[in-house]
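Worksheet: one structure, shown below.
In our numbering, the protein residues as written are 89 to 315.
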């Protein structure tokens, strides 16, 4: 009996997650250009059931910090097979003008329920994507990111420095042709340090990497020497 209940619970969980996965967003990230009045993304319900959709923006710390953006509509019903545009609007609060700022867009899909569903497990799924606020007069271009990243070794540590004005989201990193997954994102005008195995820090070491561009795709492979 316990085994049967366990399998039933797994089936409910799996079915709920599969259906929720069909409530999709048009973007994997949003770049909010400061000279624009708003940015937009589209939410689509590919399922046969209606959902309640709730959306908001929060700070980069992911702890619910209030962000200077509103999403409209913040809450709405989305019927089966329908789509709806979300407008993201900056409220004008001061933000750094010499670099990008990072926030998170949250889109929560809440399944509909009825009396027949009272004994069924209903799961609300929250999808988060990055929101980058990009000032108008940055000194460098996003296409120049690779020229502004430095990889160096000091005291058996690898130092990665981002001298650009943009957040870098790493899609792939290899050191001496060995996959390395310690870094996923680096803030503008910042650096981070990692302790690596000696075998990765031999003379003439090279790093190959790709970053995720504004459209959610991967850049071309970039090869650099580790200084």
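Glycine residues also receive a C-beta, built at the ideal position from the N, C-alpha and C atoms.
Rounding to the nearest angstrom, what Cα-Cα distance links residue i and residue j in this structure?
| i | j | result |
| --- | --- | --- |
| residue 110 | residue 160 | 22 Å |
| residue 184 | residue 136 | 44 Å |
| residue 177 | residue 116 | 18 Å |
| residue 258 | residue 198 | 31 Å |
| residue 249 | residue 154 | 29 Å |
| residue 233 | residue 200 | 45 Å |
| residue 144 | residue 289 | 44 Å |
| residue 239 | residue 247 | 6 Å |
| residue 195 | residue 276 | 26 Å |
| residue 187 | residue 226 | 7 Å |
Nearest to residue i by CA position, among the options, is which residue?
| i | options | result |
| --- | --- | --- |
| residue 162 | 193, 313 and 234 | 193 |
| residue 191 | 315, 245 and 118 | 118 |
| residue 298 | 274, 221 and 189 | 274 |
| residue 244 | 293, 225 and 197 | 293 |
| residue 141 | 314, 300, 174 and 152 | 174 |
| residue 301 | 254, 215 and 267 | 254 |
| residue 168 | 146, 219 and 133 | 133 |
| residue 149 | 189, 307 and 278 | 189 |
Please confirm if residue i has its CB atom under 9 Å from at least one CB of chain C.
| i | result |
| --- | --- |
| residue 132 | Judged by its chain identifiers, the structure shown contains no chain C, having just a single protein chain. |
Report all residues from its chain with a CB closer than 6 Å to the CB of residue i; omit the five preceding and five following residues, and keep chain order.
| i | result |
| --- | --- |
| residue 305 | none |
| residue 236 | 251 and 252 |
| residue 112 | 132 |
| residue 218 | 117 |
Tell me, which residues are paired with residue i by DSSP?
| i | result |
| --- | --- |
| residue 297 | 261 and 310 |
| residue 178 | 157 |
| residue 147 | 191 |
Please classify residue i: is it buried, with 16 or more other beta-carbons within 10 angstroms of its beta-carbon, or exposed?
| i | result |
| --- | --- |
| residue 214 | exposed |
| residue 216 | exposed |
| residue 90 | For residue 90, the pLDDT reaches just 48, beneath the cut-off of 50, and the residue's location in the model is therefore unreliable, although a value from the coordinates is still provided. Answer is exposed; the Cβ neighbour count stays below 16. |
| residue 120 | buried |
Below 7 Å CB to CB, which residues in the same chain sit around residue i once its five sequence neighbours on both sides are set aside?
| i | result |
| --- | --- |
| residue 283 | 244 and 245 |
| residue 311 | 294 and 296 |
Once you ignore the five residues that flank residue i on each side, which residues in its own chain have a CB closer than 8 Å to its CB?
| i | result |
| --- | --- |
| residue 128 | 173, 174, 175 and 176 |
| residue 146 | 152, 153, 154, 155, 191, 192 and 194 |
| residue 171 | 130, 131, 132 and 133 |
| residue 314 | 239, 240, 241, 246, 263, 289, 293, 294 and 295 |
| residue 271 | 248, 258, 261, 280 and 282 |
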